[in-house]
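Enquirer: What follows is a single structure, and I will ask about it in a moment.
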Amino acid sequence: MSRQIQQLEQYLDQKIQTNVPLAPYTTFKIGGPAKYFFIAKNNEDLVRLSTFAKKLKIQTYVLSGCSNVLAADSGFDGLIILNKAKDIVFKKDNRVVADAGVWLMDLVDKTIGKGLLGLENLVGIPGSVGGAIRGNAGAYGSEISDCLIGVEVMRGSKQFVLNKDKCKFKYRDSVFKRNNDLIISAEFQLQKGDKEKAKTKVKEILQKRNNKLPMEYPSAGCVFQNILINSENIEQIKNLRNLPPEYLENKKVPAAWLIESLDLKGKTIGKSQVSNKHANFIINLGGATANQVLQLISYIKMKVRDELGVQLMEEIEYVGF
Numbered sequence: 577m578s579r580q581i582q583q584l585e586q587y588l589d590q591k592i593q594t595n596v597p598l599a600p601y602t603t604f605k606i607g608g609p610a611k612y613f614f615i616a617k618n619n620e621d622l623v624r625l626s627t628f629a630k631k632l633k634i635q636t637y638v639l640s641g642c643s644n645v646l647a648a649d650s651g652f653d654g655l656i657i658l659n660k661a662k663d664i665v666f667k668k669d670n671r672v673v674a675d676a677g678v679w680l681m682d683l684v685d686k687t688i689g690k691g692l693l694g695l696e697n698l699v700g701i702p703g704s705v706g707g708a709i710r711g712n713a714g715a716y717g718s719e720i721s722d723c724l725i726g727v728e729v730m731r732g733s734k735q736f737v738l739n740k741d742k743c744k745f746k747y748r749d750s751v752f753k754r755n756n757d758l759i760i761s762a763e764f765q766l767q768k769g770d771k772e773k774a775k776t777k778v779k780e781i782l783q784k785r786n787n788k789l790p791m792e793y794p795s796a797g798c799v800f801q802n803i804l805i806n807s808e809n810i811e812q813i814k815n816l817r818n819l820p821p822e823y824l825e826n827k828k829v830p831a832a833w834l835i836e837s838l839d840l841k842g843k844t845i846g847k848s849q850v851s852n853k854h855a856n857f858i859i860n861l862g863g864a865t866a867n868q869v870l871q872l873i874s875y876i877k878m879k880v881r882d883e884l885g886v887q888l889m890e891e892i893e894y895v896g897f
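For the sequence shown, this note's numbering assigns the number 577 to the initial residue and increments by one for each residue that follows.
Next up, the structure:
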């Protein structure tokens, strides 16, 4: 073990694990060993370890829900911090503060239980609050940024709240994809409402997701971002064969439709496969490697670009590549 890690252990007064496989922690069930691995059970440990690791110049990556990532077969040559800080605090005026490590499903359940609405459309999205904010996760016309007030972050040695307008939220994007801020927690403004109606809505959404998505296989969720229609690409989009008119009206073309239009459902490389149920999901049939998934992603992007003239962008994050 390196002297740097020994210093970290002394600083934390806690043990740091070595050579820990990432596959059991990711929803893809793929990923080699992290050279160093630590589970942060509270924000204090998360902040202290992240800050000190940076001072020691140890390559560090923070994971929470591990749902939107593809971890390399070779693993991660540095420190993986698994954020398990899971406090949810209900404040006055229908405000809620949730740690970044809170599972999004738990936040939806607990807020509805208090009769606080606004997040229910996000039910069923796998992952944590921190990951959802980083990627501005959304579904059924809602995004997590819709109800957000601000995000508590660590930037360098400074800890402060970044107001929503400073987060630069866009479709499946935020400033956190381009900076090194550590997301600690987030505050949401919710509204009082009928929790029984909300529970019914949640059941309906979960049923839709179960019917539409390949929940029976490990995956990282949607692999590619949908295509937003703008002035630069509208003519190209209009020329797509058999394009449903509602896509033009909604100014968005689902990546799944593009992939399916090329008959790529069921395309398999090794043990990785484009789902027959939803074309924007790549599933692990059992024993898939990150390299196989990466080859399949590259193949899909090439086919869509060459045959449809559309460049797909990944929604998933790469760890250890």
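Here a beta-carbon is modelled for each residue, glycine too, at the ideal position from N, C-alpha and C.
Which residues bound the alpha helix (DSSP H) around V533?
Expert: With the chain running from 577 to 897 in the structure shown, residue 533 is simply not present.
Enquirer: From the DSSP output, read off the bridge partner residues of F652.
Expert: Mapped onto the sequence shown, residue 652 falls at position 76. In the DSSP output, where bridge partners are listed per residue, F652 has A610.
Enquirer: Taking the CB atoms as reference points, tell me whether V729 and I759 lie closer together than 7 Å.
Expert: Reading the sequence shown from its first residue, position 153 is the one you call residue 729. Reading the sequence shown from its first residue, position 183 is the one you call residue 759. Closer than 7 Å, so yes.
Enquirer: Reducing DSSP to helix, strand and coil, say where I688 ends up.
Expert: Locating residue 688 in the sequence shown gives position 112, where the first residue counts as 1. In the structure shown, I688 sits in a helix (DSSP, three-state: H, G or I).
Enquirer: Considering only C-alpha positions, which residue in the set K828, A674 and A629 is nearest to L766?
Expert: Translated into positions along the sequence shown, residue 766 becomes position 190. Checked all of K828, A674 and A629; the closest Cα to L766 is A674.
Enquirer: Please state the DSSP three-state secondary structure of M730.
Expert: Sequence index remark: in the sequence shown, residue 730 carries index 154 (1-based). Three-state DSSP puts M730 in a strand.
Enquirer: Would you report the Cα separation of V672 and G714, rounded to the nearest angstrom?
Expert: Numbered from its first residue, the sequence shown carries residue 672 at position 96. Numbered from its first residue, the sequence shown carries residue 714 at position 138. Approximately 19 Å between the Cα atoms of the pair.
Enquirer: How many whole angstroms separate the CB atoms of N856 and G842, which I take to be in contact at a CB cut-off of 8 Å?
Expert: Your numbering for residue 856 matches position 280 in the sequence shown. Your numbering for residue 842 matches position 266 in the sequence shown. Contact doesn't hold; Cβ gap of about 14 Å is too wide.
Enquirer: Can you give me the C-alpha to C-alpha distance between W679 and E883, rounded to a whole angstrom?
Expert: On the sequence shown, position 103 is the one that residue 679 refers to. On the sequence shown, position 307 is the one that residue 883 refers to. Distance between the alpha carbons of W679 and E883: 39 Å.
Enquirer: Taking the C-alpha atoms as reference points, what is the distance between L588 and T602?
Expert: To locate residue 588, count along the sequence shown from 1; it is residue 12. To locate residue 602, count along the sequence shown from 1; it is residue 26. Looking at the two C-alpha atoms, the distance is approximately 26 Å.
Enquirer: May I have the straight-line CA-CA distance separating G863 from G651, to the nearest angstrom?
Expert: Position 287 of the sequence shown holds residue 863. Position 75 of the sequence shown holds residue 651. Their Cα atoms are separated by approximately 16 Å.
Enquirer: Give the single residue among N809, S837, S807 and N806 whose Cα lies nearest to the Cα of P820.
Expert: Taking the sequence shown and counting its residues from 1, the one referred to as residue 820 is at position 244. Of N809, S837, S807 and N806, the residue nearest in Cα terms is S837.
Enquirer: Among all the DSSP beta bridges, which residues are the ones paired with C798?
Expert: Stepping through the sequence shown from its first residue, residue 798 is reached at position 222. Beta-bridge pairing links C798 to F857.
Enquirer: For K827, count neighbouring C-beta atoms within 10 Å of its own C-beta (all shown protein chains included) and say buried if the count is 16 or more, exposed if not.
Expert: What you label residue 827 is simply residue 251 of the sequence shown in a count that begins at 1. Label assigned to K827: exposed.
Enquirer: Nearest by alpha-carbon distance to Y716: which of V699, A708 and G706 is it?
Expert: Residue numbering aside, residue 716 sits at position 140 when the sequence shown is read from its first letter. Comparing Cα-Cα distances from Y716 to each of V699, A708 and G706, the minimum goes to V699.
Enquirer: Ordered along the chain, which non-local residues of its own chain (more than five positions away) have a Cβ less than 8 Å from that of R817?
Expert: Along the sequence shown, one-based indexing puts residue 817 at 241. Only S837 meet the Cβ criterion.
Enquirer: Using the Cα positions of L782 and I701, report the straight-line distance between them to the nearest angstrom.
Expert: Along the sequence shown, read from residue 1 onward, the residue named residue 782 stands at position 206. Along the sequence shown, read from residue 1 onward, the residue named residue 701 stands at position 125. Between L782 and I701, the C-alpha separation is close to 9 Å.
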